[in-house]
Each structure stands twice: as C-alpha cells, then as structure tokens.
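Numbering (the UniProt record's numbering), first residue to last: 1 to 303.
Glycine included, each C-beta is placed from N, C-alpha and C at the ideal position.
Remarks on the structure that follows.
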C-alpha cells in the first residue's frame with residue numbers, strides 16, 4: 001500500500017515550499033503523481049467587506065484595481081514556487097509523463113473548499129498547511145488580504161477532511177515539515193470511526209516507518225474498546241506496535257497528545273478529526289483544534 005496520487009494545496013505564500021516538500025517526501029519513495037492545487041480568485045466574486053457594526057462597505061475602483069493586481073501577483077508567485085520546487089526536485093511533468101514520480105500544477109478559479117471537493121476524492125492523500133500565528137482569517141478583504149487570508153488555511157483543511165473522504169496531512173507553520181523515517185509515529189486511539197479511518201489512512205506511513213509505532217489511549221478509556229485488536233490489525237499489515245496508556249493532563253487531551261509526541265520525538269501524529277455535531281455546518285472539536293493550533297509536527301487526520 002502506498003500513496004500513488006497526492007494533492008498539495010498551495011496559496012502563493014512561502015508556505016508553498018513546506019507543503020510541496022512534504023508532498024515530495026511522501027511521494028518520492030512510491031513514485032507518486034503530485035498535483036499542486038491553486039485556487040485562483042475571481043475579483044467579481046469577492047464578497048463585500050464588513051465593519052464592526054455590520055454595515056456593508058462598497059469597494060472603490062482603486063481598491064478593485066489593487067485587488068486585481070494582488071490576485072495576479074499571488075497567482076504568479078504560486079506558479080513560481082511550483083516551478084522552482086519541481087526543478088530543484090528533478091520532477092518530470094505529469095502532463096508529459098504518466099508513470100513514475102511526476103508533478104503538475106492545477107490552477108482553477110473558485111474557492112479552495114469547492115476545488116478540494118472536486119479534486120480531493122480521487123487522490124490518496126491531501127497535504128495542506130496549518131495557519132500560522134497572526135494570519136488574517138477568512139472573510140476579510142482588502143490589499144494584503146488575498147490568498148491565505150481570503151481562503152483560510154483552516155477552511156482548506158476542514159474541506160479536505162469533510163468533503164473528500166480522504167486522509168489529510170497537515171503541515172505546521174513552524175517545526176518539522178517532513179516525516180522522518182526513523183522517528184516514532186504516535187497514534188491517538190479511542191476506538192471511534194474517525195480514529196479507525198485515520199489509522200487506515202496512515203498505513204503507508206506506518207508500513208514504511210523505521211521508527212517505533214506507539215498507540216496512545218487515555219487511561220479512562222471505554223473498556224469495551226480493547227486495544228489488542230488494534231495491535232493485531234497493525235501486525236497483519238507488517239507493523240509492530242505497542243500501546244501506552246496516558247493519565248490525565250491539566251491542559252486536556254490535546255495538550256497531552258502533543259506532550260507525549262514531543263517527549264518521544266515523534267515525527268508524525270495520527271488522529272481522528274472530531275466535530276461537535278453531525279450536521280453539515282460542522283466545526284472541529286476542542287481536542288482537534290488544540291492539536292492543530294499548537295502542533296510542531298505533521299498531523300495525519302481523517303474524518
């Protein structure tokens with residue numbers, strides 16, 4: 001089992017390199033096709049900005065022109081980042097080559113969320129960047145607020161998880177970008193469907209890892225969800241794993257998982273992406289949000 005098709009979400013910022021390098025580290029051993037996806041912005045489709053009292057603000061002609069210029073610059077930056085990365089990595093063009101390690105850039109107009117729903121379901125793994133400290137959130141508009149500010153990297157990750165049915169590899173803004181082959185892999189397990197999907201989605205990482213595989217569970221786990229079958233399941237896939245029970249933590253489960261991963265020098269954390277409800281207007285649960293906000297290592301998630 002391997003990741004033969006990888007979708008990397010780029011946005012025309014320096015984080016493109018982190019995402020693309022992570023995708024290449026995963027894809028090179030299995031000669032994958034890596035598709036870099038850039039969501040281009042149509043200025044005519046931008047929503048109106050809002051001020052604190054909720055009143056609509058009309059955009060002046062000067063602002064429209066500035067936005068159009070910035071959108072074009074952002075697009076060209078994304079292209080330049082992709083071409084530079086492809087050249088330095090010695091990758092062949094996926095349009096010209098159908099076999100082996102290849103790469104291609106897809107630029108389409110639309111929201112990242114919509115484009116992920118279109119392209120994501122037919123890929124093995126989606127790679128996206130996590131928001132960095134102080135980044136502009138979605139819904140803002142104006143010079144300097146296009147690209148990640150308009151899209152929202154958190155929204156891109158949520159779309160990857162909720163709209164594609166595929167596992168997502170979230171790359172932190174700081175810290176490790178790639179998954180070290182010799183580093184331990186930590187799996188957060190609670191027996192729920194999200195954890196099971198994340199476990200299955202991580203099998204290519206687990207099977208190729210030369211580091212220790214550790215299954216973490218809270219000590220107050222439901223006794224009706226034993227861990228022995230999980231260890232056996234992994235063994236059937238050639239993965240030798242052991243489990244560790246964790247005591248409580250003042251900072252909550254999310255902080256506990258990150259602390260354990262850091263103590264063990266983990267190169268990857270595997271976990272389910274949990275939500276507060278089952279409606280379409282889902283929001284990530286507290287544990288998941290804490291991990292994503294404070295992560296300093298790649299996180300593989302599935303919903």
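Can you tell me where the alpha helix (DSSP H) with residue i in it begins and where it stops?
i, result
"residue 179", "No alpha helix (DSSP H) holds residue 179; DSSP gives it neither H nor E."
"residue 292", "286 to 294"
"residue 310", "Since the displayed the chain opens at 1 and closes at 303, residue 310 lies outside it and no answer follows."
"residue 18", "15 to 27"
"residue 208", "203 to 208"
"residue 124", "Here residue 124 belongs to no alpha helix (DSSP H), and DSSP marks it neither H nor E."
In whole angstroms, what separates the C-alpha of residue i from that of residue j?
i, j, result
"residue 257", "residue 216", "8 Å"
"residue 299", "residue 204", "14 Å"
"residue 230", "residue 9", "32 Å"
"residue 271", "residue 302", "7 Å"
"residue 252", "residue 106", "40 Å"
"residue 126", "residue 83", "20 Å"
"residue 118", "residue 70", "26 Å"
"residue 33", "residue 91", "10 Å"
"residue 81", "residue 75", "10 Å"
"residue 240", "residue 171", "26 Å"
"residue 288", "residue 95", "37 Å"
"residue 201", "residue 68", "39 Å"
"residue 139", "residue 79", "Unreliable positioning characterises residue 139 in this predicted model, as indicated by a pLDDT of 32, which lies under 50. The coordinate reading is nonetheless provided below. Whole-angstrom Cα-Cα distance: 25 Å."
"residue 246", "residue 236", "25 Å"
"residue 17", "residue 206", "24 Å"
"residue 265", "residue 211", "10 Å"
With a CB to CB cut of under 6 Å and the five nearest residues on each side skipped, what residues in its chain are close to residue i?
i, result
"residue 85", "20"
"residue 77", "12"
"residue 109", "40, 42"
"residue 296", "172, 175"
With a threshold of 8 Å on Cβ separation, who are the neighbours of residue i within its own chain once the five nearest residues in sequence on each side are excluded?
i, result
"residue 281", "Because residue 281 carries a pLDDT of 40, less than 50, the predicted location of this residue cannot be relied on, and the following value inherits that uncertainty. Same-chain partners within the cutoff: there are none."
"residue 189", "195, 199, 215, 216, 217, 227, 230, 243"
Give the range of the beta strand (DSSP E) segment to which residue i is assigned.
i, result
"residue 38", "33 to 40"
"residue 89", "Unbroken run through residue 89 is the alpha helix (DSSP H), 61 to 89; no beta strand (DSSP E)."
"residue 247", "From DSSP, residue 247 is part of no beta strand (DSSP E); its letter is neither H nor E."
"residue 217", "213 to 218"
"residue 188", "185 to 188"
Should residue i go down as buried or exposed, given a rule of 16 or more other Cβ atoms within 10 Å for buried?
i, result
"residue 64", "exposed"
"residue 165", "exposed"
"residue 174", "exposed"
"residue 88", "exposed"
"residue 158", "buried"
"residue 306", "The shown model of the chain, from 1 to 303, leaves out residue 306, and the question about it has no answer."
Going by DSSP, what residues sit across from residue i in a beta bridge?
i, result
"residue 1", "Its beta-bridge partners do not exist; DSSP assigns none."
"residue 271", "301"
"residue 9", "37"
"residue 106", "37"
"residue 196", "Answer is none; residue 196 lacks a bridge partner."
"residue 171", "129"
Determine, for residue i, whether the minimum Cβ-Cβ distance to residues of chain C falls below 9 Å.
i, result
"residue 127", "In the structure shown, chain C does not exist; there is a single protein chain."
For residue i, which residues from the same chain have a beta carbon less than 7 Å from its beta carbon, with the 5 sequence-adjacent residues on both sides left out?
i, result
"residue 178", "21, 22, 25"
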